[in-house]
Amino acid sequence: MKVFFTLIFILLSYNAFADEQAEAIFAQLTPSLYQIKLIDKASGEKSSIGSGFQISEDGIIATNYHVISSYARHPEKYRIEYLDHQGNTDEMDLVSVDVINDLALVKRTVTNAMPYFQISDEKPIKGEQLFALGNPHDLGMIVVPGTYNGLKKESFNERIHFTGSINSGMSGGPVVNNKEKVVGINVATSGNQIGFLVPHDKLVTLFNIYKKQSENVSTLVTHDLIKQQISSQLIANQNKLMDALLNNTWQSKELAGKAIIPIIDVPFIRCWGDSNADKSDAIIEAVVANCTLDENTFIAAHFFTGNIEIEFSYMRAKDLSDNKFYHLYQKQISHAGAGNVASKDDVTEYQCRHDLITPESSANTTKAMNNKSILCTRAYKDYVGLFDVLYLSASIDKNQQGLVSHFTLAGVNQKNALAFTSKFMEAISWK
Numbered sequence: 018m019k020v021f022f023t024l025i026f027i028l029l030s031y032n033a034f035a036d037e038q039a040e041a042i043f044a045q046l047t048p049s050l051y052q053i054k055l056i057d058k059a060s061g062e063k064s065s066i067g068s069g070f071q072i073s074e075d076g077i078i079a080t081n082y083h084v085i086s087s088y089a090r091h092p093e094k095y096r097i098e099y100l101d102h103q104g105n106t107d108e109m110d111l112v113s114v115d116v117i118n119d120l121a122l123v124k125r126t127v128t129n130a131m132p133y134f135q136i137s138d139e140k141p142i143k144g145e146q147l148f149a150l151g152n153p154h155d156l157g158m159i160v161v162p163g164t165y166n167g168l169k170k171e172s173f174n175e176r177i178h179f180t181g182s183i184n185s186g187m188s189g190g191p192v193v194n195n196k197e198k199v200v201g202i203n204v205a206t207s208g209n210q211i212g213f214l215v216p217h218d219k220l221v222t223l224f225n226i227y228k229k230q231s232e233n234v235s236t237l238v239t240h241d242l243i244k245q246q247i248s249s250q251l252i253a254n255q256n257k258l259m260d261a262l263l264n265n266t267w268q269s270k271e272l273a274g275k276a277i278i279p280i281i282d283v284p285f286i287r288c289w290g291d292s293n294a295d296k297s298d299a300i301i302e303a304v305v306a307n308c309t310l311d312e313n314t315f316i317a318a319h320f321f322t323g324n325i326e327i328e329f330s331y332m333r334a335k336d337l338s339d340n341k342f343y344h345l346y347q348k349q350i351s352h353a354g355a356g357n358v359a360s361k362d363d364v365t366e367y368q369c370r371h372d373l374i375t376p377e378s379s380a381n382t383t384k385a386m387n388n389k390s391i392l393c394t395r396a397y398k399d400y401v402g403l404f405d406v407l408y409l410s411a412s413i414d415k416n417q418q419g420l421v422s423h424f425t426l427a428g429v430n431q432k433n434a435l436a437f438t439s440k441f442m443e444a445i446s447w448k
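Under the working numbering, the first residue of the sequence shown carries the number 18, and numbering increases by one thereafter.
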């Protein structure tokens, strides 16, 4: 019992110390914290709010891209404003973005050198106490203590796992260590006490690029320049992603003991399975394998890209005629759709090509699979050379069983799309 009360005393002392640290950090850093507001020009009302923090004496403020994304896409409709700790407000300019890491730099007008956040030169240590600052739900600035838990596992683009309550209005706010130096930027939450941060080195990279560009006084930051910046980042990221997929091992795996399907052996592609094996009265045996890249690049409220979805669905009739099986099989095929969200303002209509695929080896082996396939692409209107790709094939060489193979790729170029499609098709066969 004595040990129990000793542990309780230590825990309470630790929490009290953390609260004292949080109060001291908040008092010290509040002058460099801001609420970032997106104002709809026509109504004069807020369209969105987030947080930001000053990172230079001349008024550069860091925030999340998604906080100001509507302005980045439609500057004629919105304006960006800040609200400081004294209630002062004014307009700001957007000067740089990083859509892959959900970062943006905005600039306020300053007449004198101002206090700003220092960015850490070191990464946190696992278990280290950190402090997230921001402005949740328009309630004023707060500080939330939490713990650094390393980088999020199974992630293609790095995110820090932070144990702390990050609310939506805190997006874009800084996370500092006990030395009051920035080690991350609030970006997302996944329920109580689970938050995700952008690592501080991503902000350092963006800021250094901006400083180098700003040295060229003839370069004016315009809407077209921001659009070009987004386009180049999307292209570079999809090249990096597709290189990782195409140059890695694709393992062969049995599905239902009948078909051979590919599994891409990379940590950021996660796979799940399901079947109706527990349904003794089912008229069709169904087995499904689904693999996804569980990440999206946010471009606008109704425009996401960068994700990958792969699905295989095996079906075998237990006691059905060929015609009835074909009807249910065809119904399964009709469920396929795009893996990402995009509006008609962002992408063209899908253009599709239908093919009958008969492998060259079909005359020599019973393993080859004959398929009817459809390959559809839609182009990005603002980002030339990028496409969403949808592929769907259905085996047609067995009367009472079939395999539906499907993938979608969001935001890839033509070369990578064709290379992925070719490798995907070659990796599927009957056992």
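Here a beta-carbon is modelled for each residue, glycine too, at the ideal position from N, C-alpha and C. Just so it is clear, the structure is predicted and the values come from calculations on it, not from any experiment.
Straight-line CA distance for V199 to F70? Rounded to whole angstroms, the separation of the alpha carbons of F70 and V199 is 10 Å.
Got a sec? Which residues, its chain only, sit under 8 Å from K169 by beta carbon, not counting five neighbours each side? E175, R176, I177, H178, F213
Give the DSSP-derived three-state secondary structure of M131 in the structure shown. coil
Rounded straight-line distance, which links the Cα of F329 to that of N307: 6 Å
Tell me the DSSP secondary structure of Y408 in three-state form. strand
Where the alpha helix (DSSP H) through F437 begins and ends: Annotation: the continuous alpha helix (DSSP H) that includes F437 extends over 431-443.
Do the stretch 191-206 and the stretch 131-138 touch if we need at least three Cβ pairs shorter than 8 Å? yes
I want to know whether the stretch 78-91 touches the stretch 104-123 - three or more CB-CB distances under 8 Å. yes
Could you compute how far the alpha carbon of I226 sits from the alpha carbon of G76? 16 Å
Using 8 Å as the Cβ pair cut-off and three pairs as the minimum, do the stretch 276-292 and the stretch 52-61 touch? no
So the alpha helix (DSSP H) T222 belongs to, where does it begin and stop? 217-231
Would you kindly report the start and end of the unbroken alpha helix (DSSP H) that includes V84? 82-90
For Q45, which residues of its own chain have a beta-carbon under 8 Å away from its beta-carbon, when the five flanking residues on both sides are left out? E197
Any idea if V449 is buried or exposed, counting beta-carbon neighbours within 10 angstroms, 16 or more meaning buried? Any answer about residue 449 is impossible in this case: the structure gives the chain only from 18 up to 448.
Closer than 8 Å to a non-hydrogen atom of the ligand FAD - does that hold for the CB of H102? Annotation note on the ligand FAD: not contained in the displayed structure, which lists no ligands.
Separation of I280 from K270, as counted between CA atoms: 7 Å
How many Å lie between G157 and Y133 at the Cα? Each residue's Cα considered, the two are about 19 Å apart.
Give the straight-line distance between the Cα atoms of A273 and A436, rounded to the nearest whole angstrom. 27 Å
Option in D414, L111, N430, L50 with minimal Cα separation from L403: N430
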